[in-house]
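Q:
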């Protein structure tokens, strides 16, 4: 049943011309992860409701290339859900939570929402596209122990390329994914483990991850923040990029100390390095709590000035 549901959803998206007939999600040997992955950032979902009703949302609020950035993907998903409710008449109980899709913790619920949308009166009356219906009458997830759903959340940490959104010709950049994924894959590290002691193996992964994280922070500062500093007030910059300068400085020093602790004959213990930065890392409390207001501020300044919006898109 679960296998039929996601395949029926992929077929409906194909009938709506959101994905092409030859998309990997439609292949006989495909699996649910393919469909889940291409829907995670909310881009295809926004394209879907815009296709079904071009007036469903303001295109300025739509992020075409969120690059898996959490707040941009969540914003897209929220746009889709709001359109489902206000434009297509879906009930609150028929919707899923944004995190259920982005984190893939309940993709079955996402499929049920899409099924409701496909069979909504407005879609059926105006588009004449056959919807899809679950084989079961149960609204809530029926098979909670199905591996087809349980495997999804664990797979989100793996980077899989299942094709791009814009007619398969846009190669998605991975700026934000660099914040959490090391450049050296776990498979590569596992292969080299024969030549490294287990401790060295873990330390190398730690250093590579921290190095990539710092590079991503610097990219955020130089590629995104610096161009906007010429256009926005200091207050707006601080609101949109909370603690970024401080984080760059903290992680630069942290990486330096890690290398010092890992060098041959080092007197500094690796554990002492983490204890040393325990207090500086508390800044993440402020950083995380500011994310919602950062998104709201960015949205407002983009609406007020087209040059700001264009700068964000180009960056």
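Numbering (full-length UniProt numbering), first residue to last: 1 to 315. Every residue, glycine too, gets a C-beta built ideally from N, C-alpha and C.
1) So residue 80 and residue 45 are in contact, right, with Cβ under 8 Å, and what is the actual spacing, rounded?
2) Distance check for residue 113 and residue 16, CA to CA, integer angstroms please.
3) In angstroms with no decimal places, state the Cα-to-Cα distance between residue 316 and residue 238.
4) Under 8 Å, with one C-beta from each stretch per pair, do the stretch 285-292 and the stretch 227-236 reach the 3-pair mark?
5) Alpha helix (DSSP H) containing residue 100: first to last residue?
6) Between the alpha carbons of residue 218 and residue 211, how many angstroms are there, rounded?
7) Is the beta carbon of residue 117 less than 8 Å from the beta carbon of residue 84?
8) Alpha carbon to alpha carbon, what distance is there between residue 270 and residue 34?
9) Just to confirm, are residue 52 and residue 110 a CB contact at a threshold of 8 Å?
10) Can you give me the C-alpha to C-alpha distance between residue 301 and residue 26, rounded to a whole angstrom?
11) Secondary structure at residue 227, three-state DSSP: helix, strand or coil?
12) Rounded to whole angstroms, what is the Cα-Cα separation between residue 69 and residue 104?
13) Can you give me the C-alpha to C-alpha distance between residue 19 and residue 75, rounded to a whole angstrom?
14) Beta-carbon separation of residue 311 and residue 222 under 8 Å?
15) From this set, 279, 55, 254, 280, which residue's C-alpha is nearest residue 268's C-alpha?
A: Working from what's here:
1) 4 Å
2) 16 Å
3) Given a span of 1 to 315 for the chain in the structure shown, any question on residue 316 remains unanswerable.
4) no
5) 98-102
6) 11 Å
7) yes
8) 40 Å
9) no
10) 40 Å
11) helix
12) 15 Å
13) 21 Å
14) no
15) 254
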